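Undergrad: 398 is the number that full-length UniProt numbering gives the last residue of the sequence shown; the numbers go up by one with no jumps.
Every residue gets a Cβ at the ideal spot worked out from N, C-alpha and C, and that includes glycine.
Just so you know, these numbers come straight off a predicted model, no measurement behind them.
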Amino acid sequence: MFKHLQVVPGDPLLALIIAHQKDTNPKKIDLGVGVYKDDKGKTPILNSIKKAEAILLEQEESKSYLGIYGAAEFEAIIQDLILGDNNPILGSGRIRSTQTPGGTGALKVAADFISANLSGARLWVSDPTWGNHESIFNSAGVEVIPYPYYDPATNGLRFNDMMSKLEADAKEGDVLLLHACCHNPTGIDLQLEQWKVITDFVKRRGLLPLVDAAYQGFGDGLDEDMAGLRHMAANVDNMLIANSFSKNFGIYRERCGGLSVIATTTTEADAAFSIIGKAIRANYSMPPAHGAAVVYTIMSRPELKAEWQQEVAEMRNRINGLREKLVMKLAASGVSKDFSFIKDQRGMFSYSGLTLEQVRRLRSDYAIYIADTGRMSVAGVSDDNIDYLCESIAKVVG
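1. At which residues does the alpha helix (DSSP H) containing MET315 begin and terminate?
2. Does the separation of the CB atoms of LEU5 and GLY32 fall below 8 Å?
3. Can you tell me whether VAL125 is helix, strand or coil according to DSSP?
4. In terms of alpha-carbon separation, which member of ILE95, CYS182 and LYS108 lies closest to THR129?
5. From the DSSP output, in three-state form, read off VAL396 for me.
6. Could you tell me which residues DSSP puts in a beta bridge with ALA15?
7. In the DSSP assignment, find the unbroken beta strand (DSSP E) run with ILE145 in it and report its ends.
8. How close, in whole Å, do the beta carbons of PHE218 and MET348 come, if the pair is a contact with beta carbons under 8 Å?
9. In the DSSP assignment, find the beta strand (DSSP E) that holds ARG346 and state where it starts and stops.
10. Taking buried to mean at least 16 other C-beta atoms within 10 Å of its own C-beta, is LEU192 buried or exposed?
11. Please tell me whether LEU210 and ALA180 are closer than 8 Å, where the distance is taken between their beta carbons.
12. Using 8 Å as the threshold, is the C-beta distance between TYR351 and PRO185 below it?
13. Just checking, does the stretch 194-205 make contact with the stretch 45-55 on the three C-beta pairs under 8 Å criterion?
14. In the structure shown, what three-state DSSP assignment does ASP365 receive?
15. When you compare each of THR104, LYS27 and PHE273 to ASP383 by their alpha carbons, which one comes out closest?
16. Can you give me the Cβ contacts of THR264 inside the same chain, cut-off strictly under 8 Å, excluding the 5 residues immediately before and after it?
17. Taking ILE114 as the reference, which of TYR215, ILE276, PHE245 and ILE368 has the closest Cα?
18. Are at least three pairs of beta-carbons, each pair with one atom in the stretch 115-126 and one in the stretch 142-156, less than 8 Å apart?
19. Give a yes or no on contact between the stretch 86-106 and the stretch 317-336, applying the rule of three or more CB pairs nearer than 8 Å.
20. For the beta strand (DSSP E) containing ASP286, name the first residue and the last one.
21. Taking the alpha carbon of ASP212 as the reference point, which residue from ALA234, LEU178 and GLY257 has its own alpha carbon closest?
22. Considering just the uninterrupted stretch of the beta strand (DSSP E) at ARG96, what are its terminal residues?
23. Assuming ALA110 and ALA242 make a contact with CB atoms under 8 Å, what is their CB distance in whole Å?
24. Apply the 10 Å Cβ neighbour rule to THR43 and answer buried if 16 or more other Cβ atoms are within range, or exposed otherwise.
25. Considering only residues of the same chain and omitting the five flanking positions on each side of TRP308, which have a CB-CB separation below 6 Å?
26. Is ASP30 closer than 8 Å to HIS20 when the C-beta atoms are compared?
27. Mapping the DSSP letters down to three states, classify ILE298 as helix, strand or coil.
28. In the DSSP assignment, what residue or residues form a beta bridge with ILE262?
29. Whose C-alpha, out of GLY156, TYR215, GLY291 and LEU354, is nearest the C-alpha of VAL312?
30. Got a sec, what are the start and stop residues for the beta strand (DSSP E) ARG255 sits in?
31. Enumerate in chain order the residues of its own chain whose CB-to-CB distance from SER377 is below 7 Å, with the five nearest sequence positions on each side excluded.
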């Protein structure tokens, strides 16, 4: 029965991680993995998380199922975090939110919702975008179309080209996927004025915005990173938002995320949410409990929330500080290329501007593992390896 099956290519980033693990060079550096690391190369458990888990260990009374939408009290946590306290939308009845297995689970449910209910809707994504976006939506039967985003000539944003493409080809009823902040994989974010232009276009053309908020807090701040999303939410009738708690709470393996739907009226929001519930039931029945319970414990206790906010700030400041150090040390190494754009990017990832040939030389000659696209995880840089990294880049770039 399976004789006709052929092995499909694996995820290139996962292959990169395995290659790094097998490398025996003591100076090897992994800049491919998409998780936060501290200066010792470890992905730490936040102190606020450990304290919350201790509370749960003492007070948790059941391991029963949560239900399709997850813990009821978690809905407000999702909404408050992405939209901000006292946002008028919160009390309007126009928004409903469900807990999901990570941001990926939220996107999968959104894909099924779009496929089954928005006839002929196509999904527009940035070129490039997170590698799994296309797979998730294609698996639901949604056509995925790229719009211009990254400019390799300037290592910047092709905003005019982006808007020209959308103006020319996006049709009423299509879905526009945007990264809320810390664009993965480029690190190049839309500015607030650009969000305003896109919001006006979405309204005029009749598009449904879908915002992927995976890295809130890793750019400029928990509230600052949501400025564009919040402007859009305040000015459109309909919107989908997928968010992740994996990064800013450091609970990657707990698979904790959320999907929110904003509609024109309460009635429409309830109808959309019921259909989302049906998609959840068909996908994974109900989400896991632990991650959401930990997040709720932190967010509902002022002292733990304050400690968590400080820990997010420390992770953000470390990443942004590494960007500054990279630019400075690369310049000092005598490299011919101007890498100053790296300090203006945000989040864990950077499109480094390195060519495929340069990336492969770094891998083969210096055991430095960067994706073929030149995308590198800034969090993999440390005080111990930054000099070796910059010296090696200078050698391959010239």
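TA: The short version:
1. The residue given as residue 315 occupies position 315 in the sequence shown. 302-332 is the span of the alpha helix (DSSP H), which, as asked, contains MET315.
2. Counting from 1 along the sequence shown, the entry for residue 5 is found at position 5. Counting from 1 along the sequence shown, the entry for residue 32 is found at position 32. Result no, Cβ atoms of LEU5 and GLY32 do not sit closer than 8 Å.
3. Residue 125 sits at position 125 when you count from the first residue of the sequence shown. Reduced to three states, the DSSP call for VAL125 is strand.
4. Walking along the sequence shown from the start, residue 129 turns up at place 129. Checking every option, the nearest Cα to that of THR129 belongs to CYS182.
5. Your numbering for residue 396 matches position 396 in the sequence shown. Helix.
6. Taking the first residue of the sequence shown as position 1, residue 15 is located at position 15. In DSSP, ALA15 forms no bridge with anything.
7. Position 145 of the sequence shown, counted from the first residue, corresponds to residue 145. 144-148 is the extent of the beta strand (DSSP E) around ILE145.
8. Here residue 218 refers to the residue found at position 218 when the sequence shown is read from its first residue. Here residue 348 refers to the residue found at position 348 when the sequence shown is read from its first residue. The pair is a contact, with the Cβ atoms about 6 Å apart (cut-off 8 Å).
9. As a first step, residue 346 is located in the sequence shown; it is residue number 346 there, counting from the start. No beta strand (DSSP E) contains ARG346, which DSSP labels as neither H nor E.
10. The residue given as residue 192 occupies position 192 in the sequence shown. When all chains shown are included, LEU192 counts as exposed.
11. The residue given as residue 210 occupies position 210 in the sequence shown. The residue given as residue 180 occupies position 180 in the sequence shown. Against a cut-off of 8 Å, the Cβ pair of ALA180 and LEU210 comes out as no contact.
12. Residue numbering aside, residue 351 sits at position 351 when the sequence shown is read from its first letter. Residue numbering aside, residue 185 sits at position 185 when the sequence shown is read from its first letter. Yes, Cβ-Cβ distance for TYR351 and PRO185 is below 8 Å.
13. no
14. Walking along the sequence shown from the start, residue 365 turns up at place 365. The answer is helix: DSSP assigns ASP365 an H, G or I state.
15. Here residue 383 refers to the residue found at position 383 of the sequence shown. Nearest option by C-alpha distance: LYS27.
16. Stepping through the sequence shown from its first residue, residue 264 is reached at position 264. Hits under 8 Å: ARG94, ASP237 and ASN238.
17. As a first step, residue 114 is located in the sequence shown; it is residue number 114 there, counting from the start. Checking every option, the nearest Cα to that of ILE114 belongs to ILE276.
18. yes
19. no
20. The sequence position of residue 286 within the sequence shown is 286, counting from 1. At residue 286 the sequence reads Met, which differs from the Asp that was named. That residue, MET286, is in no beta strand (DSSP E); it is neither H nor E in DSSP.
21. The residue you call residue 212 lines up with position 212 of the sequence shown. The residue with the shortest Cα to Cα distance from ASP212 is LEU178.
22. Here residue 96 refers to the residue found at position 96 of the sequence shown. Segment 95-100, the beta strand (DSSP E) holding ARG96.
23. Here residue 110 refers to the residue found at position 110 of the sequence shown. Here residue 242 refers to the residue found at position 242 of the sequence shown. Correct: roughly 6 Å between the Cβ atoms.
24. Position 43 of the sequence shown holds residue 43. Looking at its Cβ environment, which holds fewer than 16 other Cβ atoms inside 10 Å, THR43 is exposed.
25. Against the sequence shown, residue 308 aligns to sequence position 308. Excluding sequence neighbours, TRP308 sits near SER48 and ILE298.
26. For the purposes of this step, residue 20 is taken as residue 20 along the sequence shown, with counting starting at 1. For the purposes of this step, residue 30 is taken as residue 30 along the sequence shown, with counting starting at 1. Going by C-beta atoms, HIS20 is nearer than 8 Å to ASP30.
27. Taking the first residue of the sequence shown as 1, we reach residue 298 at position 298. If DSSP states are grouped into helix, strand and coil, ILE298 belongs with the helices.
28. Taking the sequence shown and counting its residues from 1, the one referred to as residue 262 is at position 262. DSSP output for ILE262 lists ILE95 and MET239 as bridge partner(s).
29. Position 312 of the sequence shown, counted from the start, is the residue given in the question as residue 312. Among GLY156, TYR215, GLY291 and LEU354, the Cα nearest to that of VAL312 belongs to TYR215.
30. Sequence index remark: in the sequence shown, residue 255 carries index 255 (1-based). First-last for ARG255: undefined, no H or E at that position.
31. Residue 377 sits at position 377 when you count from the first residue of the sequence shown. LEU31, GLY32, VAL33, GLY34, MET348 and PHE349.
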